[in-house]
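The sequence shown maps to residues 1 to 153 in UniProt numbering.
We put the beta carbon where it would ideally sit given N, CA and C, even for glycine.
I have placed the structure first, in the form of structure tokens, so that the comments after it can refer back to it.
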Amino acid sequence: MESSRVKIAKQFIDHFATLDTQILKTILSENYHHEFAPSSLNPPGPFNKQGFFEHHAGLDTVLAGFPVTAKEYIDSESSNSVTVWATSRAVFRDDAKDASISDWEYEGEYIFIFTFDPTGEKIVRTIEFLDSKATADKLMVLMKRARENKNKS
């Protein structure tokens, strides 16, 4: 039987399809902490709960979605955590694209480590390991260009 931790981790992963943060409001603790890694990428954050929502709002302006597909869920009762190995792709909004970049496709691979409160019902911490090479070589370039395009309009 699937633990409540895995069910909640799946809800977190599923929210990326539309970037709708409504479900996150119910599964993240008030003292939530989100951190991207590795630090060599100079990623944004770390974020508290409100900061994470604000970060998402910034993504929503250029992305219609960022569907994440889990390859594996690893549930650890002893550490009250779930680790997820996943892939993703970015779906850029049409009005954020331009012809200067011929390929607006991005796919990456990720590891999420979710730590839960003692009840196992709320996520208190997420460490999100980004696909270093794909993020640096492709995603950052596409996001920068998409934001520039949106700022023009």
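Residue i classed as buried or exposed, judged by whether at least 16 other C-beta atoms fall within 10 angstroms
i	result
residue 69	exposed
residue 135	buried
Between the CA atoms of residue j and residue i - distance to the nearest angstrom
i	j	result
residue 41	residue 119	34 Å
residue 137	residue 37	16 Å
residue 85	residue 19	19 Å
residue 91	residue 107	10 Å
residue 87	residue 104	17 Å
residue 2	residue 56	28 Å
residue 77	residue 117	12 Å
residue 14	residue 66	10 Å
residue 23	residue 47	18 Å
residue 131	residue 102	22 Å
residue 72	residue 7	13 Å
residue 79	residue 4	14 Å
residue 44	residue 111	17 Å
residue 49	residue 100	36 Å
Under 8 Å between C-beta atoms of residue i and residue j
i	j	result
residue 9	residue 114	yes
residue 122	residue 28	yes
residue 74	residue 62	no
residue 26	residue 53	no
Test: residue i CB closer than 8 Å to a CB of chain D
i	result
residue 69	The displayed structure is made up of one protein chain only, and chain D is not part of it.
Scan the region 64-140 and note each continuous beta strand (DSSP E) run of 3 residues or more that stays entirely inside, going in chain order.
68-76, 81-92, 106-116, 123-129
Three CB pairs or more closer than 8 Å across the region 27-37 and the region 126-134:
yes
Check whether the region 94-102 and the region 137-152 are in contact - that is, three or more C-beta pairs closer than 8 Å.
Flag = yes, the region 94-102 and the region 137-152 touch.
Quick check for students: name the residue ranges of the alpha helix (DSSP H) that lie wholly in the region 4-31, counting only runs of 4 or more.
4-15, 22-27
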